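Notes for the one structure printed next.
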Amino acid sequence: MDVATIIGILLGFFVIVGAIVAGGGAAMFFHIPSLCITIGGMTCATMIHFSLPQLLAIFSIVKKTIITKIPSQTQVIQRMVNFAAINRRDGTLALEPEIGRLNNPFFAKGLQLLVDGQDSESIRDLLDPEIQYLQERHAVGKKILEFMGAAAPAFGMIGTLIGLVQMLRNMSSPDQIGQGMAVALLTTFYGAFAANLVFIPLAGKLGIYSKKESVAMEMILEGICAIAQGDSPTIVRERTQAFVSHGRRREIKATV
Amino acid sequence: MDVATIIGILLGFFVIVGAIVAGGGAAMFFHIPSLCITIGGMTCATMIHFSLPQLLAIFSIVKKTIITKIPSQTQVIQRMVNFAAINRRDGTLALEPEIGRLNNPFFAKGLQLLVDGQDSESIRDLLDPEIQYLQERHAVGKKILEFMGAAAPAFGMIGTLIGLVQMLRNMSSPDQIGQGMAVALLTTFYGAFAANLVFIPLAGKLGIYSKKESVAMEMILEGICAIAQGDSPTIVRERTQAFVSHGRRREIKATV
Amino acid sequence: MDVATIIGILLGFFVIVGAIVAGGGAAMFFHIPSLCITIGGMTCATMIHFSLPQLLAIFSIVKKTIITKIPSQTQVIQRMVNFAAINRRDGTLALEPEIGRLNNPFFAKGLQLLVDGQDSESIRDLLDPEIQYLQERHAVGKKILEFMGAAAPAFGMIGTLIGLVQMLRNMSSPDQIGQGMAVALLTTFYGAFAANLVFIPLAGKLGIYSKKESVAMEMILEGICAIAQGDSPTIVRERTQAFVSHGRRREIKATV
Amino acid sequence: MDVATIIGILLGFFVIVGAIVAGGGAAMFFHIPSLCITIGGMTCATMIHFSLPQLLAIFSIVKKTIITKIPSQTQVIQRMVNFAAINRRDGTLALEPEIGRLNNPFFAKGLQLLVDGQDSESIRDLLDPEIQYLQERHAVGKKILEFMGAAAPAFGMIGTLIGLVQMLRNMSSPDQIGQGMAVALLTTFYGAFAANLVFIPLAGKLGIYSKKESVAMEMILEGICAIAQGDSPTIVRERTQAFVSHGRRREIKATV
Amino acid sequence: MDVATIIGILLGFFVIVGAIVAGGGAAMFFHIPSLCITIGGMTCATMIHFSLPQLLAIFSIVKKTIITKIPSQTQVIQRMVNFAAINRRDGTLALEPEIGRLNNPFFAKGLQLLVDGQDSESIRDLLDPEIQYLQERHAVGKKILEFMGAAAPAFGMIGTLIGLVQMLRNMSSPDQIGQGMAVALLTTFYGAFAANLVFIPLAGKLGIYSKKESVAMEMILEGICAIAQGDSPTIVRERTQAFVSHGRRREIKATV
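Residue numbers (this note's numbering), protein chains in the order written: chain A, 189 to 444; chain B, 189 to 444; chain C, 189 to 444; chain D, 189 to 444; chain E, 189 to 444.
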């Protein structure tokens, strides 16, 4: 679970809403028609560019990005070394009870294939597409979030233009001008807020997360394949470590 | 038929027009001279950059993108396997009645060539240029839509500048100022609306659609060529599946 | 002659000037000092970035882009096949009367070299640099037009800032404010108008034109060299067609 | 220690603050809620995009960039040549007293490995990951600073929109309008100031610094490996000079 | 000496200052504190990004770009052919009196090495780094000028924000508002003016100049090396012409 993302969004809302409440007249900042123009327009533009299923998939992708815990590299290497030792000592079937203890479904599936007696080649053929499928999904998700981050301010500006034109119809009292202009500016505020606190940073996070998860999955795949070939724990450790960046490797060496 | 595009554009219009009507004074938002400046200026700039035939082709490209149904990958593979079986069992001529049942003209043309007894090489020579021609047309179409998406707001701003200068000539009554400024802002509104709800998302959709249709056509071409070489249904399935992304392949395996 | 460019510019001027005249007070939009700042500033910046000869060459490049007629691919192939047939039947000298009938100077020069008895290698050595020289000239021209398209709005803004500062000195009557601000906005209008209707679309057109002319010249060069080698009309057609995009090739096959 | 960075930031603050004080009403420019929106919002967005540890690491990276003194190339080459001479004359152990005199920890670690009798290959295996780790850290740091440089003005604009909406609620007296608008503009000022004087230039500096430090470390590594192989001082000088850019090499030749 | 650059800057100043003087109140446009914020802030940001020596080097690089005369390609080839003839006829020493007649220091240095009896290889080893050093210096110079072109408008905007906040403190009389706003806009004017008339075009010019001078130096180096190898004037001409673009080569052929 990526705590920073949740804290960041909550804290960001708290800071902005706090500033609004502290300034007084917070009720004015909640305006349904303005929300409709900004969020509705952005959603429609995204539907035209992409497709409905892709748009809906964004929610599950973001949810998974925030909730799913990527197993740490140290942990994966440690487990792989243990499994290799068990495999050497007691045979592949002795790994079966370990499957239930894994909370990463990809890891569990790989171990299941190993226990089922699949050879290294067919495990790779079955798991490699999963990694590629995940990367494709994440890449599309990142593009959609980036497009939303560009479309939200654009429709915010469109909403402000509508509000300004409506306000300028009758400029009788300065008070009315102020009210109209305040409402007109709300859509720009919504668009800038959604883009800069939600869509743009989430697109960035999804890119970082995607790379991290791919590396973890490739480490797991490499480790499982190594065990399937009957490699010794030492060789399994070396093959999984090849995916670890050089800086991290030192840290892992200290702990594993 | 790409429902999302149509729904997106209609819903987007509905949201924006709804917000305008709800705010009152909707008639003010329909101003012929402002429309002329924004859409006319943009069209002229596009005509200078590209050429008249390219500009006119955009309408048919967009229409085709929205209306044409790309055969699903599952369906193409399923049909290819069937055709390969028929070809093996009853000979190429037995495929003739199938041509009329295909609603994809590229597929029908390919099958016709097969029935006509063309060999694998000459089918490829005849159909490959069609795929490249389509990709070229789509690439130019995407560039034109992107240029329109940049030119529309630019001419919207030019229109607003004209309107502002005209308004500033006589600043006698605040009411007149408001009216003049409202009209001046309309061109910016038109430009932003056209670019963000129509041109930019359509350019994106065209890119996605172009890739999808190319893959479908390449799958069909590969399948037809495989049948023409007398490959077995199993080999035909494998060769057409090579174009399917890894994630999709799993889904197809389940259904085919 | 590229009609679309001329129509586009004329129509664009007509639309914008029409909107100005329809709004009244058209005389106000013609302001010599504002024109000096925008066009003068832009010209000076372009002179600093590039050099005087490059800046002056732009006029002739643009003029040639609009006026010069690129021979159609169909026409080039048709002629090459004819010339190859004449060459085979009556020898190279029989091509001499054809030179005068060609209105493309590059084509005429190539044919002259052929008639003069130059071999394939030396024709290529003499004509290839001409194609490269043209591409270099066009690439520089495109860069200059793009720079102008960026500099014009920038100096428009500089002019508006000057106008605003001058206007803000004395804010006695609202009428004077309006007049001053209207004049100040004119430079921004000039800059945006020149960039979006002239420089940016012309830069795009020059890129498209340059590619088209290069292909035509390469087709001519390839055809002349093939004839110089004594190739048969069929081979000449095949070698010139290699430069035609696949989509176009079908159309040409139908006509040739 | 990079004096230019410190002088630049201090002088920049001095210039801007000086202009504020000279204009009078400096107290007005210090507004806690506005600071919270700009800096708080930017920090939250950075936390969402990156992660908390990465965000915190930025402070130490920037501090190290400003404080750490990269040994000059001339100095490294001079020392390497001396060490090679000592190594040749008195053996590796004679280098031990030199370790304490080095204030660069990477250099000291390399020399320690040399004194410990490690061969060239294992020194490279141990030190190479350190260089890569540093480059990765700096690359992430640069990305974060660049994101902050983009997010700060964005949240400045969000703050200004909030301030404007709050101000426009009641437009009774022109004095109140002025006060409200002044406060609203402060967030934009904070965002532009932080981005343009701190984040964007620091990101650039970090890139330059990272390249410089990498080259210095690679020179040290190459020199130590050469000494470990028992190369002569002349060869050591040549191998370390290979990392020096050609222009600098002339200067070094004059001094070494 | 690049006349276009000097004329461009002088004419640009003349146009802008002329427009200011013509509009009246020119004294208002010269405001020391505003100049300090814009130029001072930009200088500080550049100092943080780059370093003090790099910043100071910009002046000499720009001065050299404007003043230094790059020998024309025709001239270099002509001289090389002459020197090759002299070398063949009278030996290398006969070239000594020519050194004093060359006003290009790189050319003179190369010829001196030739006269000193250095062979082709060592001349290349000594002169090649000079070309690379020059290219590095120019590349850094271009980057600094581009950064200044981006920083100047940014600090202009910061200055305007400061001025606006100070102006908005007391909105008692409309006259004072105008004065304050006029002063506030001055920094934006300074920033836009400096960036668009000086920094951005100079960065472009430096790029063009750097390429031109590199080619000239490489031609000189190639020619000197050819003469050192005792090549005939014809071969020397061919080897130096290899650096000339194809379009230029035709012109040179006509003159040489």
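C-beta: ideal position from N, C-alpha, C; glycine also. Computed from a prediction, not measured in an experiment: that's the story for all the values here.
{"Query": "According to DSSP, simplified to helix, strand and coil, what is I350 (chain E)?", "Result": "helix"}
{"Query": "Can you tell me where the alpha helix (DSSP H) with T262 (chain C) in it begins and where it stops?", "Result": "261 to 278"}
{"Query": "On a CA-only basis, which of B:G418, B:N384, B:L409 is nearest T428 (chain B)? Give me that one, please.", "Result": "B:L409"}
{"Query": "Got a sec: which bits of the region 343 to 374 of chain E sit with their beta carbon under 8 Å from any beta carbon on chain C, in order along the chain?", "Result": "P362, D363, I365, G366, Q367, M369, A370, L373, L374"}
{"Query": "Less than 8 Å between CB atoms is the rule here; does T443 (chain C) satisfy it with respect to chain E?", "Result": "Below a pLDDT of 50, predicted positions are generally treated as unreliable, and T443 (chain C), at 49, falls in that range; no measurement from the model is reported."}
{"Query": "In the DSSP assignment, find the unbroken alpha helix (DSSP H) run with S222 (chain A) in it and report its ends.", "Result": "220 to 223"}
{"Query": "Indicate whether at least one CB of chain B lies closer than 8 Å to the CB of A233 (chain A).", "Result": "yes"}
{"Query": "If you measure from the beta carbon of K331 (chain E) to each beta carbon in chain C, is any gap under 8 Å?", "Result": "no"}
{"Query": "Given a threshold of 16 other Cβ atoms within 10 Å of its Cβ, counted over all protein chains shown, does Q261 (chain B) qualify as buried or as exposed?", "Result": "buried"}
{"Query": "Tell me the start and end of each unbroken beta strand (DSSP E) in the region 368 to 438 of chain C that is at least 3 residues and wholly inside, in chain order.", "Result": "none"}
{"Query": "The alpha helix (DSSP H) that contains Q306 (chain B), what's its start and end?", "Result": "It is not in any alpha helix (DSSP H) - Q306 (chain B) carries neither H nor E in the DSSP assignment."}
{"Query": "Counting only Cβ-Cβ distances shorter than 8 Å, please list the residues of the region 191 to 223 of chain B near chain A, keeping chain order.", "Result": "V191, A192, T193, I195, G196, I197, L199, G200, V203, I204, G206, A207, I208, A210, G211, G212, G213, M216, F217"}
{"Query": "Return helix, strand or coil for S239 (chain E), following the three-state DSSP convention.", "Result": "coil"}
{"Query": "With H, G and I counted as helix, E and B as strand and the rest as coil, what does DSSP make of L251 (chain C)?", "Result": "Here the sequence assigns Lys to residue 251 (chain C), which means Leu is not the residue at that position. In the structure shown, K251 (chain C) sits in a helix (DSSP, three-state: H, G or I)."}
{"Query": "Need the endpoints of the alpha helix (DSSP H) that G200 (chain A) sits in, please.", "Result": "191 to 211"}
{"Query": "Below 8 Å on the Cβ atoms is my contact criterion, and I expect E318 (chain E) with F294 (chain E) to pass it. Report the Cβ-Cβ distance as a whole number of Å.", "Result": "7 Å"}
{"Query": "When you compare only the Cα positions, how much space is there between Q417 (chain B) and V403 (chain B)?", "Result": "21 Å"}
{"Query": "Counting contacts by CB-CB distance shorter than 8 Å, is A339 (chain A) in contact with chain D?", "Result": "no"}
{"Query": "Which residues in the same chain have their Cβ closer than 8 Å to the Cβ of Q306 (chain A), if we skip the five residues on either side of it in sequence?", "Result": "L314, A416"}
{"Query": "Does the CB of K393 (chain A) have a neighbour CB from chain D at under 8 Å?", "Result": "yes"}
{"Query": "Mind listing the chain E neighbours of A380 (chain D)? Cutoff is C-beta to C-beta under 9 Å, in chain order.", "Result": "A342, F343, M345, I346, L349"}
{"Query": "Taking DSSP as the reference, what is the three-state secondary structure of R357 (chain E)?", "Result": "helix"}
{"Query": "Counting pairs of Cβ atoms below 8 Å between the region 385 to 397 of chain E and the region 250 to 258 of chain E, do you hit three or more?", "Result": "yes"}
{"Query": "Suppose the cutoff is 8 Å on Cβ atoms and the five residues either side in sequence are ignored; what does the same chain contact list for T376 (chain A) look like?", "Result": "P341, G344, M345, G347, T348"}
{"Query": "Can you grab the Cα-Cα spacing for the pair V269 (chain D) / N275 (chain D), in whole Å?", "Result": "10 Å"}
{"Query": "Taking a contact to mean a Cβ-Cβ separation below 8 Å, would you say S222 (chain E) touches L374 (chain E) in this structure?", "Result": "yes"}
{"Query": "From G368 (chain B) to H219 (chain B), what does the alpha carbon distance come to, in whole angstroms?", "Result": "12 Å"}
{"Query": "Skipping 5 residues on each side, what residues in its chain have a beta carbon closer than 7 Å to that of G228 (chain E)?", "Result": "none"}
{"Query": "For the alpha helix (DSSP H) holding R289 (chain D), just list the boundary residues, first then last.", "Result": "284 to 289"}
{"Query": "Just the C-alpha distance for G205 (chain A) and G212 (chain A), rounded to the nearest angstrom, thanks.", "Result": "One point to set straight first is that residue 205 (chain A) is Val, not Gly, in the sequence displayed. One C-alpha to the other measures close to 11 Å."}
{"Query": "So K330 (chain D) packs on A391 (chain D), CB below 8 Å; how close in whole Å?", "Result": "5 Å"}
{"Query": "Give the interface partners of P389 (chain E) over in chain C, defined as CB-CB distance under 7 Å, in chain order.", "Result": "A233, I236, H237"}
{"Query": "Assign L272 (chain A) to one of two classes, buried (16 or more other C-beta atoms within 10 Å of its C-beta) or exposed (fewer than that).", "Result": "The residue you asked about is not Leu; residue 272 (chain A) is Ala in the sequence shown. When all chains shown are included, A272 (chain A) counts as buried."}
{"Query": "In whole angstroms, give me the CA-to-CA distance for E426 (chain B) and L301 (chain B).", "Result": "22 Å"}
{"Query": "Kindly say whether L240 (chain D), judged by its beta-carbon, lies nearer than 8 Å to any beta-carbon of chain A.", "Result": "yes"}
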